[in-house]
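Chains as they are written, first to last, in my numbering: chain A, 1 to 335; chain B, 336 to 571. Backbone N, C-alpha and C fix where the C-beta goes; we use that ideal spot for every residue, glycine too. Keep in mind the model is a prediction, meaning the values are calculated, not measured. This report refers to the structure that appears directly beneath it.
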Amino acid sequence: MPMLSRLQWAISLAVLALLLALPFLLPSFWTGNIMGRAIVYGIVAMSLTFLASYGGFISLAQTMIAGIAGYTVAVLAPTAIPLGNHWLPYWALIPLAVAAATFAGAVVGLIAVRTREIYLLMITLALAVGFSLFAQSNIDWFNGYEGIRNILGPDIFGYPFRNLYVFYYSSLLVATALYFLVLYVVKTPFGLVLQGIRDNPRRVSAIGFNVGVHRVASFALAGFIAGWGGVLITFYNIGITPGSIGIWATVNVLVMAVIGGLGHPIGAFIGALVYTLFDTFAATIYDRDRFNTLIGLVFLVIVLVSPDGLLGLFRRLTGWRTGRSVATETMEEKT
Amino acid sequence: MSGRLEIDDLHVRFGRAHILQGVSLTLGNKPLSLVGRNGMGKSTLCHAIMGMVGTHSGQIRLDDQDLVGLNPNRVARKGIALVPQGRRMFPSLSVHEHLTLVARKGDVPWTIERVYETFPRLAERRRNGGNQLSGGEQQMLAISRALLMNPRIVIMDEPSEGLAPVIVDHLVETLKQIAAEGMGVFLVEQNMRVATAVSDTVAVMVTGRIATTMASQALMDDAEAQRRYLGVSHGH
Chain A
1 MPMLSRLQWA ISLAVLALLL ALPFLLPSFW TGNIMGRAIV YGIVAMSLTF LASYGGFISL
61 AQTMIAGIAG YTVAVLAPTA IPLGNHWLPY WALIPLAVAA ATFAGAVVGL IAVRTREIYL
121 LMITLALAVG FSLFAQSNID WFNGYEGIRN ILGPDIFGYP FRNLYVFYYS SLLVATALYF
181 LVLYVVKTPF GLVLQGIRDN PRRVSAIGFN VGVHRVASFA LAGFIAGWGG VLITFYNIGI
241 TPGSIGIWAT VNVLVMAVIG GLGHPIGAFI GALVYTLFDT FAATIYDRDR FNTLIGLVFL
301 VIVLVSPDGL LGLFRRLTGW RTGRSVATET MEEKT
Chain B
336 MSGRLEIDDL HVRFGRAHIL QGVSLTLGNK PLSLVGRNGM GKSTLCHAIM GMVGTHSGQI
396 RLDDQDLVGL NPNRVARKGI ALVPQGRRMF PSLSVHEHLT LVARKGDVPW TIERVYETFP
456 RLAERRRNGG NQLSGGEQQM LAISRALLMN PRIVIMDEPS EGLAPVIVDH LVETLKQIAA
516 EGMGVFLVEQ NMRVATAVSD TVAVMVTGRI ATTMASQALM DDAEAQRRYL GVSHGH
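Written out as structure tokens, the structure is:
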């Protein structure tokens, strides 16, 4: 079975071409602070979407896992303030951070392996809050509440990562690669087993697959994805603080994933873009202190109108089937 | 390739309910059917063999390997496949994805191609989702899913349930053919006509015990036994 239909390939390539051209069409603020930001946060949201869409696991630990990658980079980065002066170059540091996130993902999967639904939510939330508080209270490594600053990122072809184009295109490259990785994986036997687990774990077990091992592996893969997001977010913010991986950051990523629509990895990026637009411009549309109210209302309206997010809305308006819908077809009999 | 499945004095309890009260059965080269009314413990027996429910005491052996206490995935890898009651498709997977999921690589009797040859209807519907199929198509898919595991023994829990008579006839032929090729067939049925058509021997389950094992023909001819063990004189 092909990964995408011919039409989907055509649309994907058209969108990709548009994204490649965007920095030349938009003001630089848009390239970096809207599109670039949406892409890097979208990666973390996609790790959640992947788990939710194909495994049926809603994990609130994805921001924490991104944070583990972010802190790994920050703690060891050559330019870090106040720690700094480490010898490890970025080309070794970034894979190390992603590996740490992958490992953390597997550990979260292992801890949560027997839980489902609300219990999985509670366990992953507890882990997320716990790690954020740990980072906040740890001075020696994480510099406590203030976090670690001046994480500039690597130079690429002689250009600093802070260069708008370098940041944008690097993020786009990583996001695109991960996006197609997810689309590929869900068509492999591993991905099919995962969807089988979502539908009916007992049945998957009865046809000879170890449900626990597949669950842990899916969390590891989600950790790998979130890790890349965490590294890029740390470069985007030029540092990392406990606040950026705390409960609000966790909720924001969840909001992105849900606004966009669980059911297809593209939903995470759509959600991240919509969220970023509101987060940036709500203050100018609405009262400065109350832009969170506006975001909350938008979230509420989208969830009420379309439980499977903007993707679901689009699907219903066009009659197009872009992927699996979690919200509308989960509750089959389970035996 | 078929294995010898031996069940000896098997007990299963759910809390205070004593569901299986000492079941002993042997499945050898020939197909065996198990009949009995609703609620007698037939499905529980299937689940116990697969390791899907815990057993209280007793033994389940496949060629002298102990299966008690193994997880379902281990039991499946030992060579036992269950076609569950109600088919249990994965709603989000297509027909073809169901088959790819279980297909084994290498030199095995059952391949995806052979499934499509045996059930041309599935080939036509390869892109349809598991919950977009008719009952008969779902049953074909459920059986195919089990066959592709190339098990030594296939256990079928009420495969004829809810199927049109013409489909049931096709099902019976398929099961006979599978058995003739040497796969062990353990058929759990309420439909006595199907059970007796597939196997020469029928075991009858009553309240968690094997009440009797008799020749299929003998059960067919004995209206009194049918009334006593199955409650109705079956004639679909």
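Within the 9 Å Cβ cut-off, does residue 327 of chain A reach chain B?
Stepping through the first sequence from its first residue, residue 327 of chain A is reached at position 327. Low per-residue confidence applies at residue 327 of chain A: pLDDT is 40, beneath 50, and the placement is therefore not dependable enough to give any value.
If I'm right that residue 265 of chain A touches residue 50 of chain A with Cβ under 8 Å, what's the distance once you round it to whole angstroms?
Counted from its first residue, the first sequence places residue 265 of chain A at position 265. Counted from its first residue, the first sequence places residue 50 of chain A at position 50. Right, the Cβ-Cβ distance comes to about 6 Å (below 8 Å), so this counts as a contact.
When the Cα atoms are used, what is the spatial distance from residue 62 of chain A to residue 214 of chain A?
The sequence position of residue 62 of chain A within the first sequence is 62, counting from 1. The sequence position of residue 214 of chain A within the first sequence is 214, counting from 1. Going by the C-alpha atoms only, they are around 18 Å apart.
With hydrogens ignored, establish whether the beta-carbon of residue 118 of chain A is closer than 8 Å to any heavy atom of the ligand FAD.
Although the ligand FAD was asked about, the structure shown includes no ligands whatsoever.
Name the one or two DSSP bridge partners that residue 492 of chain B has.
Residue numbering aside, residue 492 of chain B sits at position 157 when the second sequence is read from its first letter. Answer is B:523.
In whole angstroms, what separates the C-alpha of residue 239 of chain A from that of residue 463 of chain B?
Here residue 239 of chain A is taken as the residue at index 239 of the first sequence, counted from 1. Here residue 463 of chain B is taken as the residue at index 128 of the second sequence, counted from 1. Residue 239 of chain A and residue 463 of chain B: Cα-Cα distance of roughly 49 Å.
Select from the segment 388-413 of chain B all residues with a C-beta closer than 7 Å to any C-beta belonging to chain A, and list them in chain order.
Here the close residues are 406, 407, 408, 411, 412.
Look at the Cβ atom of residue 506 of chain B, then the Cβ atom of residue 478 of chain B, and state whether they are nearer than 9 Å.
As a working note, residue 506 of chain B is residue 171 in the second sequence. As a working note, residue 478 of chain B is residue 143 in the second sequence. Yes.
Under 9 Å, do residue 336 of chain A and residue 268 of chain A count as touching if we go by C-beta distance?
The shown model of chain A, from 1 to 335, leaves out residue 336 of chain A, and the question about it has no answer.
What are the boundary residues of the alpha helix (DSSP H) that includes residue 556 of chain B?
Your numbering for residue 556 of chain B matches position 221 in the second sequence. Segment 551-556, the alpha helix (DSSP H) holding residue 556 of chain B.
Any beta carbon from chain A within less than 9 Å of residue 496 of chain B's own beta carbon?
In the second sequence, residue 496 of chain B corresponds to position 161, counting from 1. Closer than 9 Å: no.
Could you please give the first and the last residue of the uninterrupted alpha helix (DSSP H) stretch that includes residue 402 of chain B?
If you number the second sequence from 1, residue 402 of chain B lands on position 67. Premise fails: residue 402 of chain B is in no alpha helix (DSSP H) and is neither H nor E.
Please tell me whether residue 324 of chain A has its Cβ less than 9 Å away from any Cβ of chain B.
To locate residue 324 of chain A, count along the first sequence from 1; it is residue 324. Only weak support is given to the placement of residue 324 of chain A: the predicted model assigns it a pLDDT of 48, under 50, and the value that follows is read from those uncertain coordinates. It does: the Cβ of residue 324 of chain A has a partner Cβ on chain B nearer than 9 Å.
Based on the DSSP secondary-structure assignment, which residues constitute the bridge partners of residue 564 of chain B?
Here residue 564 of chain B refers to the residue found at position 229 when the second sequence is read from its first residue. Paired residues: none, contrary to the question.
Measuring only the C-alpha atoms, how far is residue 228 of chain A from residue 235 of chain A?
Counted from its first residue, the first sequence places residue 228 of chain A at position 228. Counted from its first residue, the first sequence places residue 235 of chain A at position 235. Between residue 228 of chain A and residue 235 of chain A, the C-alpha separation is close to 11 Å.
What is the rounded straight-line gap between the Cα of residue 410 of chain B and the Cα of residue 430 of chain B?
As a first step, residue 410 of chain B must be located in the second sequence, where it is residue number 75. As a first step, residue 430 of chain B must be located in the second sequence, where it is residue number 95. Roughly 24 Å between the two C-alpha positions.
In whole angstroms, what separates the C-alpha of residue 324 of chain A from that of residue 275 of chain A?
The residue you call residue 324 of chain A lines up with position 324 of the first sequence. The residue you call residue 275 of chain A lines up with position 275 of the first sequence. Low per-residue confidence applies at residue 324 of chain A: pLDDT is 48, beneath 50, and the placement is therefore not dependable enough to give any value.
Note down, in chain order, each residue of its chain lying with its Cβ closer than 6 Å to the Cβ of residue 68 of chain A, except the 5 sequence neighbours on either side.
Taking the first sequence and counting its residues from 1, the one referred to as residue 68 of chain A is at position 68. Counting only Cβ-Cβ distances below 6 Å, and skipping sequence neighbours, we find 100, 101, 104.
Quick check: is the beta carbon of residue 189 of chain A nearer than 9 Å to any beta carbon in chain B?
Residue 189 of chain A sits at position 189 when you count from the first residue of the first sequence. So yes, residue 189 of chain A belongs to the interface.
What's the call for residue 159 of chain A, buried or exposed, on a 16-neighbour Cβ count within 10 Å?
Translated into the one-based positions of the first sequence, residue 159 of chain A becomes position 159. Burial call: exposed.
So, for residue 335 of chain A: in the same chain, excluding its five sequence neighbours on each side, which residues have a beta-carbon less than 6 Å away from its beta-carbon?
Counted from its first residue, the first sequence places residue 335 of chain A at position 335. Residue confidence for residue 335 of chain A is low, a pLDDT of 38 falling below 50, so the modelled location carries little weight; the figure read from the coordinates is stated next. Hits under 6 Å: none found.
Check the Cβ-Cβ distances between residue 192 of chain A and every residue of chain B, and say whether any is below 9 Å.
Residue 192 of chain A sits at position 192 when you count from the first residue of the first sequence. It does; some Cβ of chain B falls within 9 Å.
Residue 416 of chain B by DSSP, collapsed to three states: which one?
On the second sequence, position 81 is the one that residue 416 of chain B refers to. Strand at residue 416 of chain B.
DSSP has residue 346 of chain B in a bridge; who is on the other side?
Residue numbering aside, residue 346 of chain B sits at position 11 when the second sequence is read from its first letter. B:356, B:392.
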